[in-house]
Amino acid sequence: MLTGKGNKTRYAPIVTDVARRIASYIDENRLGGTEFRDMPLFFNQQRQKLTRAGVAYVIEKYADEARKQSPCIPPKGTPHIFRHSKAMHLCQAGIDIIYIRDILGHVDLATTEIYAKMNIELMRDALEDAYPELPSRNLPEWTEDDKLMKMLNSL
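Under our numbering, the first residue of the sequence shown is numbered 18, with each subsequent residue one higher.
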């Protein structure tokens, strides 16, 4: 269970790989004892819960480092980029838009449909890349094919 923006609570499934990584993190940082039960899983230097601003700071810090090696890193790293990317990946994987809406915590399906619309545009672009236009100058003019025109007119 997560509490997000606007104090909205949502349930988000944790996939097996992420669950393993969290368990490893808990072990490495010795957070498994009962004395840590009320402590946030991720915390700042003062051992207080990591806020959205804190997460944004960490992302931007590492994005700055990554930009030195790759110019394709977006100019502004925010937590929302990960949310948007995950929604797009789910949509591209064929996950029903209703489930994506629930994972994102959207009240209105129309808010989530933007991901489906963007996915359709990505599909169209992929199709256009896969099937480039043929040069028309090398193709015969179909309207001048008497046999073809006679068959089409008979339909």
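In this text, a Cβ means the ideal position worked out from N, Cα and C, and glycines have one as well.
Bear in mind that the values here come from a model prediction, so they are computed numbers and not experimental data.
Residue 27 and residue 120 closer than 9 Å at C-beta:
yes
So residue 104 is in the alpha helix (DSSP H); what residue range does that whole segment cover?
96 to 109
Would residue 104 and residue 115 qualify as a contact pair, given that the criterion is a beta-carbon distance under 9 Å?
no
Mind checking whether residue 108 and residue 143 have CB atoms under 9 Å apart?
no
Please report how far the alpha carbon of residue 60 lies from the alpha carbon of residue 125, in whole angstroms.
32 Å
In chain order, what are the residue ranges of uninterrupted beta strand (DSSP E) at least 3 long that sit wholly in the region 110 to 153?
none
Count the C-beta pairs between the region 47 to 57 and the region 68 to 81 that are closer than 8 Å, then say yes if the count reaches three, no if not.
no
Quick one: what's got a C-beta closer than 8 Å to residue 22's C-beta in the same chain, skipping five residues either side?
69
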